[in-house]
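Okay, structure first, notes after.
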Amino acid sequence: MSELPKWLIYGGNALAVVLFIIGLVMQNRVPTARNGNRLSAIAMFIAVLLALTEFKVFEPWLIIAGVLIGSVIGLFGAFKVKMTAMPQMVALFNGAGGGASMLVALSNLHEKSAEKLGELANANTEATLSTLTDTVMVGADKITIMGVDEAITTILSVLIGAVTLSGSVVAFMKLQGWISGRPIMLKGRHAINLLSALIIVVLGGLACFYLEPPIPVIIAFWIVGALSLLLGVLMVLPIGGADMPVVISLLNAFSGLAAAMTGFVLKNHLLIVVGSLVGASGTVLTRIMSKAMNRSLMNIILGGVGGTVIKVTSSTPKAALPKTEAQEKPKTGIPAAVEALKKAERVVVVPGYGMALAQAQFEVVKLTNFLEEQGKNVVFAVHPVAGRMPGHMNVLLAEAEVDYEKLLELEESNEEFPKTDVVMII
Numbered sequence: 051m052s053e054l055p056k057w058l059i060y061g062g063n064a065l066a067v068v069l070f071i072i073g074l075v076m077q078n079r080v081p082t083a084r085n086g087n088r089l090s091a092i093a094m095f096i097a098v099l100l101a102l103t104e105f106k107v108f109e110p111w112l113i114i115a116g117v118l119i120g121s122v123i124g125l126f127g128a129f130k131v132k133m134t135a136m137p138q139m140v141a142l143f144n145g146a147g148g149g150a151s152m153l154v155a156l157s158n159l160h161e162k163s164a165e166k167l168g169e170l171a172n173a174n175t176e177a178t179l180s181t182l183t184d185t186v187m188v189g190a191d192k193i194t195i196m197g198v199d200e201a202i203t204t205i206l207s208v209l210i211g212a213v214t215l216s217g218s219v220v221a222f223m224k225l226q227g228w229i230s231g232r233p234i235m236l237k238g239r240h241a242i243n244l245l246s247a248l249i250i251v252v253l254g255g256l257a258c259f260y261l262e263p264p265i266p267v268i269i270a271f272w273i274v275g276a277l278s279l280l281l282g283v284l285m286v287l288p289i290g291g292a293d294m295p296v297v298i299s300l301l302n303a304f305s306g307l308a309a310a311m312t313g314f315v316l317k318n319h320l321l322i323v324v325g326s327l328v329g330a331s332g333t334v335l336t337r338i339m340s341k342a343m344n345r346s347l348m349n350i351i352l353g354g355v356g357g358t359v360i361k362v363t364s365s366t367p368k369a370a371l372p373k374t375e376a377q378e379k380p381k382t383g384i385p386a387a388v389e390a391l392k393k394a395e396r397v398v399v400v401p402g403y404g405m406a407l408a409q410a411q412f413e414v415v416k417l418t419n420f421l422e423e424q425g426k427n428v429v430f431a432v433h434p435v436a437g438r439m440p441g442h443m444n445v446l447l448a449e450a451e452v453d454y455e456k457l458l459e460l461e462e463s464n465e466e467f468p469k470t471d472v473v474m475i476i
């Protein structure tokens, strides 16, 4: 199969980038989100075709195997995974992106190493074990695996991709209930994190700036990858389920950055641009969600790692409350709730993880429809961090066919509350 002309590859890349950007913009609004997703899928299809052509992957069995495996996984996710399990699915997608970036970078490293050793053999140089593990020579010139700039982007791709992969797997296991959703504090984690980071910096620096012996360099890169996997696990384990939407958003940004670094490694402009888009959008979303929680990102990431625990004992002074306020108990229970809803004219529903856990979105919508039939005004106040992933409540309410116009964002909700008679929190 002949290669495509360069102008066609560059033109296809430009078309895919434009489609990705338009799709991303469309996904920013609920009414156009589905079409934006379809447009992004078309762009991804174009990108895959261009990648197969550009990197000369023409083996039919390999292409068919990849298409079949990917299609089966995608169709299973589309038709079998329930909306309530979307956070787990998103976590796996993030991990797959990070893992792919890591493996592609390492594969490129092995390919470059094999090429250089092939040059050594072709030059009729003595290829003894000591030669391979010391300085490789062809004539009077030293052979290096790759340039320093390519080595730096490779190490970053391996580092960020591995952290994304292992962190996403831990996030998936927490969300799926395979391990506790509460913060898990391992003994000695601070020392392990510090030691791993130091080894990564040292080995990464040596591998990037001393690139002549292929075998030690490859070993160094694999060690960096293994330690990065460990860092990803230790980063997510201490974070509780309530902070998981921010973590998933951050890991999404990491997967984009890893893809962008891999684009620099492969000199693929499309991968650089699209990875940067994902990284930038994920970073902005993470910042928005952190702000909505009135917490900094570092506080969320390090809160479970170095947070202090305040124990309440019998000697702890209790807050002084006026007797009347302390003794007055509001009416609770189903009859009181029914009575309040009967009298209310304006009702705001605040969905949370309880609705997702109980899969109660359809029952909630039935109740709101009944209230509207009684002439009451009902809207939904959706907090950005409600649930276990960004947009979790939006996905569930969309599944229950709630009118998009009834979904209020944070600022709109705050304006609505003073005029509201009853707030129903789920």
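If you read the sequence shown in our numbering, its first letter stands for residue 51, the second for the next number, and so on.
C-beta: ideal position from N, C-alpha, C; glycine also.
Taking 8 Å as the cut-off, the beta carbon of Val428 is found closer than this to the beta carbon of Leu421. Here Val445 is buried: its Cβ has 16 or more other Cβ atoms, across all protein chains shown, within 10 Å.
Selection Pro288, Val397, Glu413 and Phe143 evaluated against Met235 yields Pro288 as nearest (Cα-Cα). One thing to note: Thr204 has its Cβ no nearer than 8 Å to the Cβ of Ala406. Sequence-distant partners of Ala93 (beyond 5 residues in either direction) whose C-beta falls short of 7 Å from its own C-beta, in its chain, are Ala66, Leu69, Phe70 and Gly73. For Met474, no alpha helix (DSSP H) run applies; the uninterrupted beta strand (DSSP E) run containing it begins and ends at Val472 to Ile475, by DSSP.
Fewer than three beta-carbon pairs drawn from the segment 291 to 308 and the segment 114 to 122 are found closer than 8 Å, and the two stretches are therefore not classed as touching. Inclusion of Ala308 and Ile210 in the CB contact set at 8 Å is warranted, their separation being smaller than that value. For Phe430, the three-state secondary structure derived from DSSP is strand.
For Leu457, the secondary structure class from DSSP, reduced to helix, strand or coil, is strand.
Contact check for Gly306 against Gly325 passes: the beta carbons are separated by less than 8 Å. When DSSP states are grouped into helix, strand and coil, Arg345 belongs to the coil group.
Around the Cβ of Ser121, a 10 Å sphere holds fewer than 16 other Cβ atoms; the residue is exposed. The three-state secondary structure of Arg438, taken from DSSP, is coil. Around the beta-carbon of Pro434, 16 or more other beta-carbon atoms lie within 10 Å, marking it buried. Membership of Arg79 in any alpha helix (DSSP H) is not indicated, and neither H nor E is assigned to it by DSSP. Considering only Tyr403, Gly147, Gly62 and Pro233, the residue with the shortest C-alpha distance to Ile351 is Pro233.
Distance from Gly217 to Met152 at the Cβ level is roughly 12 Å; contact not present, criterion being Cβ atoms closer than 8 Å. Going by DSSP, Arg239 is part of no beta strand (DSSP E) but of the alpha helix (DSSP H) stretching over Arg239 to Phe259. The three-state reading of DSSP puts Arg396 in strand, counting E and B together. For Asp199, the enclosing alpha helix (DSSP H) stretches over residues Val198 to Gln226. In the structure shown, the three-state DSSP call for Thr333 is helix.
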